[in-house]
Structures are given as C-alpha cells and as structure tokens.
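Asks: Would you mind keeping the following structure in view while I ask a few things?
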Amino acid sequence: MKNDLIDAIRQIEKDKGIDQQILLDAIEAALITAYKKYFGSSQNVRVDINNENGEVMVYSQISVVEEVEDETCEIQLEEARKINDSFEIGDVVEKEVTPKDFGRIAAQTAKQVVVQRIREAERNVIFNEFVNRESEIVTGVIQRFSRGVIFINLGKIEALLLQSEQIQREEYNQGDRIKTYIIEVKNTTKGPQVLVSRTHPGLVKRLFELEVPEIHDGIVEVKGISREAGSRAKIAVYSSDENVDPVGACVGQRGARVQNIVEELNGEKIDIIKWNEDPREFIANSLSPSKVTKVTVDESGRSATVVVPDYQLSLAIGKEGQNARLAAKLTGWKIDIKSESQYNESDKETDDEAMIDNDVEVSSDLSEIENDALIAEDDE
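Read the sequence shown against our numbering and you will find it ends at 385, with the numbers running on by one and no gaps.
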C-alpha cells in the first residue's frame, strides 16, 4: 500500500477534516491487533508507519529484567547487553518481526479503520451541528412511519417525532413539509439521534420569534407560555420600549402575524396576553378574552380570587375549564373564578385590593372581530 496509503490519508484530512496523525495512530493500533490475531503472537509489539512513504514495520518489545518469568515478553539483563551493552533494567529491547505477507493484511486493516473513522467523524460533525440547535425550530419532510414514530428528513439526518410529541388532531402525510421543535439530541452507538416535538410550548415561542421582528430583536420579550397542543395556547409578552405595544406587535396588522402562526399550528387558538409585574393585573389579563371585575390575591399561598360579570363566567372558565387552567399555568397562581352574584352572596371581608375598570378589555389589542369570534366559539 505504501505511498497510496499516505496519499489517501492526506486526502481524507483535506476533505473530511480528520487529522492525519489521528488516522495513523488508529491504523497502528488496529494493526497490532491484526498481527496478534493472524500470527498467534502474545508478545508485546509496536507497529510503525512511515509518515513519508507509508511503509509498515512491526517490532516485538521485550522488557529487560533481572530474572525472567515470561520468555515471550522478558529478557535477562546479561542477554540484553549482548545486543547492546547500554541496556539497563527496565529498558525495552525491540526487534523487527514484520511478516513477509503483512502488507496485504495491513492494507485491509487500514481500509477498515479509515472507513470507520470517516463514519465516526461524519457522525460527530452532525451531532455537533444539531446539539447546538436544541430548542430551535427545524423544517423537514415526513419520510416514513414506524410503530407510531414519524421519521422526518432534515437533510443530513432523520429526526424522530415520537407519538407523545405529536398533536392528536393533526394529520401527518408522507412527503409533507413540517416545522418541529428540537427537544433533545443524543449521541448513540448508531450515530446521533434528534428528537423533535410538535406539542412543546417552545415551538410557539420560536414561531413568534420568526414571525415578530420585535421579539427577534429583543424589544418584545416572551415572559411565559402555557399550551394545550392542538387546542389553545396563551403567551405573555412584555415590551422594554414604552412606545412599542407588545400585544399589537405580536398580533400584527389586521392580525396577520398571529394568523400565520395559527395556520402553522393547524388552527390552534392563541391568546396574546400583556405581562404585568403586578400579579393582579397579570392574572386579570391571563383570563382573556373574558372581562374581569376584581382580583384579590393571597401571596403566601400564591392563590387568587377573580370576580367576573355573571354573563362572562363561562367564558372565563372556558370549555371544560381550559381557559382557567391555561391562565393558572401561565401565571403560576391558583385561580378561583367567581361570578359577581356568587361573590356578593358569599361572606366577604373588605379588602384594600384595587378595583379593575370593568370597561377595560384584557386583550385590548385584539380586534373586536377576533374577540367576538373567540367569545362565540367558547359559548358554543
């Protein structure tokens, strides 16, 4: 193989970025194993590959000792000094033992090692690329299905969309382009494995970052997301610039921005909430699209009582309690919702909590048409 091996290694270093010395060291280690296998040797051996011409040499290694216990790997000092009188106890005597037909074995072994190293290097490149993209959105093509798992072609690798990360009401067809959220990248014995999701709240956040320049630029900040994938999501936003309305920026002109995200999520409804450091205001906003009359909070227990107009009670709670449930997840507070009639009938103590203007809608930046539509849908 000689010069051909060195030329091939140099080309691989250039094309694949694998250091030449790493390949040579790997080949030498493999050749030691091959030598012992094919020639039944139990001796310690060293394989040397000439970096210039690729010539392969095998040397046996024998330790210099006072008393020999194993003749295959030890030599007495007196015998060693017959070879070279400078040897001392602990030195290693080397003798060339390269077999005549070792070149053929070396060529086969080198080929196997090089192919394996190239494969490992390519896997590492893919792993390093995708491990740095965890918590990001990727777009791929649905390739195949297997036992409920969807395999998505990302170009260099197939991502796995597990059944638990799929939206139940969504239809997935082979050949469809789909956006997913990378939740984890593993380096397995079979190569890198990318796990993606359609249900993770991070998918909603990343879609808003792609669609809303103010979020991408850091002017508008996403403070929290609660989501029941395929049905409804709430996102709390805040603007560091008093001249920028965070809700309006996310909704877009005539609702264009949020509508694009809704379409990507196949109709999943999204409530955009204005975040407020005052928990009473934030809790009131979180129950959008319903109106809130009063909020009292117990900070020690992180619980809140919310009073809404009688006709808004079902809207505030939502179908099967969904609106209240998402609001609680978004704010991190336990929320008890009561109608004005229920609140007035119960024994209540006078408190110093501020009243919230009954005429102020929580999601004031949503158009009247959008709010009416959400109310109609919830009433159904």
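Glycine included, each C-beta is placed from N, C-alpha and C at the ideal position.
1) Where does Asp-24 sit, in a helix, a strand or coil, going by DSSP?
2) Give the straight-line distance between the Cα atoms of Arg-109 and Ile-123, rounded to the nearest whole angstrom.
3) With the cut-off set at 9 Å, would you say Glu-72 and Gln-81 are in Cβ contact?
4) Use the C-beta contact count for Asp-276: other C-beta atoms within 10 angstroms, 16 or more gives buried, fewer gives exposed.
5) Can you tell me whether Ala-261 is buried or exposed, with buried defined as 16 or more other CB within 10 angstroms of its CB?
6) On the criterion of 16 or more Cβ atoms from any shown chain inside 10 Å, does Gln-171 qualify as buried, or is it exposed?
7) In terms of residues, what are the limits of the beta strand (DSSP E) holding Gln-327?
8) By how many angstroms is the C-alpha of Thr-204 removed from the C-alpha of Glu-134?
9) Which residues does DSSP list as the beta-bridge partners of Ser-65?
10) CB Arg-174 to CB Asn-248, shorter than 9 Å?
11) Rounded to whole angstroms, how far is the Cβ of Ile-342 from the Cβ of Val-311, which I believe are closer than 8 Å?
12) If we ignore side chains and look at the alpha-carbon of each, how far apart do Ser-91 and Ile-23 end up?
13) Residue ranges of each beta strand (DSSP E) run of no fewer than 3 residues wholly in the stretch 190-248, ordered along the chain?
14) Can you round the beta-carbon distance between Leu-335 and Ser-231 to whole angstroms, since I take them to be within the 8 Å contact cut?
15) What's the gap between the Cα of Glu-163 and the Cα of Arg-149?
16) Below 8 Å CB to CB, which residues in the same chain sit around Leu-292 once its five sequence neighbours on both sides are set aside?
17) Tyr-186 bridges to which residues according to DSSP?
18) Output yes or no for whether 9 Å exceeds the beta carbon distance between Lys-1 and Ser-65.
19) For Ile-240 versus Lys-195, is the C-beta spacing smaller than 9 Å?
20) I'd like to check one pair, Ala-234 with Glu-273: are the Cβ atoms closer than 9 Å?
21) I need the DSSP call for Phe-92, collapsed to helix, strand or coil.
22) Using beta-carbon positions only, say whether Ile-147 and Gly-180 come within less than 9 Å of one another.
23) Using three-state DSSP, classify Thr-310 as helix, strand or coil.
24) Using the Cα positions of Val-217 and Gly-323, report the straight-line distance between them to the nearest angstrom.
25) Helix, strand or coil for Val-118? Go by DSSP, reduced to three states.
26) Could you give the distance in angstroms between the alpha-carbon of Val-63 and the alpha-carbon of Val-52?
27) List the endpoints of the continuous alpha helix (DSSP H) containing Val-256.
Replies: Let me spell this out:
1) coil
2) If you take the alpha carbons of Arg-109 and Ile-123, they lie about 21 Å apart.
3) yes
4) buried
5) exposed
6) A residue is called buried when at least 16 other Cβ atoms come within 10 angstroms of its Cβ; Gln-171 meets this threshold and is buried.
7) From DSSP, Gln-327 is part of no beta strand (DSSP E) but of the alpha helix (DSSP H) over 327-336.
8) Rounded to whole angstroms, Glu-134 and Thr-204 show a C-alpha spacing of 23 Å.
9) According to DSSP, Ser-65 bridges with Val-50, Lys-100.
10) In this structure, Arg-174 lies away from Asn-248, with their beta-carbon atoms at least 9 Å apart.
11) Contact holds; Cβ gap of about 5 Å.
12) 40 Å
13) 196-202, 225-233, 237-244
14) Taking a contact as a CB-CB distance under 8 Å, the pair Leu-335 and Ser-231 counts as one, their CB atoms being some 4 Å apart.
15) 10 Å
16) Cβ neighbours of Leu-292 beyond the five flanking positions: Val-311, Val-313, Ala-321, Asn-328, Ala-329, Ala-332, Ile-340, Ile-342, Val-367.
17) Secondary-structure assignment with DSSP links Tyr-186 through a beta bridge to Ile-142, Ser-202.
18) One cannot answer for residue 1 here, as it falls past the ends of the chain, which runs 6 to 385.
19) Not in contact: Ile-240 and Lys-195 (Cβ atoms no closer than 9 Å).
20) yes
21) coil
22) yes
23) strand
24) A straight line joining the alpha-carbon of Val-217 with that of Gly-323 spans about 28 Å.
25) Val-118 falls in the helix class under three-state DSSP.
26) When rounded, the separation of the alpha-carbon atoms in Val-63 and Val-52 is 5 Å.
27) 251-256
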